[in-house]
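Enquirer:
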């Protein structure tokens, strides 16, 4: 019997010790060595004593990280009202509701634009697709032009229009396209489209190449822009942001050609300055090329 009594006493002692340890682990330790939880009143007391928000937030989060039961906040409607009355800042109240710190904002820097193998480089210009390579046609702004006809309409007494020609130096282009029906690609400026481009056959005149960009003078006034009869038809498909694929309607004969993009601006002409009628010369940019024999 004494053996059984001793076992019972030992069991009671073990239960008591286990209960004490379980109970004590649910509390935080204050200065007197007694463990207790962090409560609303503790937060209100810290706010009232002038402790900064950052310090109180750190206390809440480190205590919460100590384990379940380390904090005992009343975040019910009544509890929130009491915190508001005690002038507890919203940032601290939010931490009491959810002690986990907010996830840091991840800023992803945009990497360089990736270009597909079937698209030209992201640089404004006109490209010839030579097998698997994109060949940039070196373009140039129209900076040189001349008046066609005799003495700029002086001897026509205003009866005939006089054409205004743009010209490119050199009797052939440095851009050589070795196909009679090549495929081109446009990477257009922002706000532009393929319809702003025309394909022209250039006229060889000695050591330069020319095309008409306007007329002036005459009873019927003048016009600006290229001659429609000189345009070569093509089809352009929009295949990406600011990117067009260009198909020609027919084969090109060996010779000098250029894509011309007009800017819509006009240059004053001798006829305009002399009051010889409306019109002018369209300015723009040309991307010239040659189809060799």
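In my numbering, the protein residues as written are 8 to 300.
The beta carbon of each residue, even a glycine, is placed where N, CA and C say it ideally should be.
Given the structure is predicted, the values throughout are model-derived calculations rather than measurements.
1) Pick out the complete beta strand (DSSP E) segments inside the segment 171 to 217, 3 residues or longer, and give them in chain order.
2) Would a C-beta distance cut-off of 7 Å place residue 241 and residue 209 closer than the cut-off?
3) My output table needs one value for residue 76: the three-state DSSP class, helix, strand or coil.
4) Would the beta-carbon of residue 131 fall within 7 Å of that of residue 194?
5) For residue 243, list the residues DSSP reports as bridge partners.
6) Taking the CB atoms as reference points, tell me whether residue 291 and residue 149 lie closer together than 7 Å.
7) Could you tell me the alpha carbon to alpha carbon distance between residue 249 and residue 238, rounded to whole angstroms?
8) Per DSSP, which residues does residue 137 bridge with? Please list them.
9) Might you give, ordered along the chain, the residues of its own chain that have their beta carbon closer than 7 Å to the beta carbon of residue 82, omitting 5 neighbours on each side?
10) Can you look up residue 58 in the DSSP assignment and give me helix, strand or coil?
11) Using only the alpha-carbon positions, how far apart do residue 28 and residue 62 sit?
12) With a threshold of 16 other CB atoms inside 10 Å of the CB of residue 47, please say whether the residue is buried or exposed.
13) Using 10 angstroms around the beta-carbon of residue 53, count the other beta-carbons present and answer buried if the total reaches 16, otherwise exposed.
14) For residue 256, which residues in the same chain have their Cβ closer than 8 Å to its Cβ, ignoring the five residues on either side in sequence?
Expert: In terms of the structure at hand:
1) 190 to 194, 204 to 208 and 210 to 212
2) no
3) coil
4) yes
5) 253
6) yes
7) 23 Å
8) 140
9) 103 and 104
10) coil
11) Bear in mind that the predicted position of residue 28 carries a pLDDT of just 44, short of 50, making it unreliable; the figure below should be weighed with that in mind. When rounded, the distance between both Cα atoms is 30 Å.
12) buried
13) buried
14) 239, 240, 241 and 242
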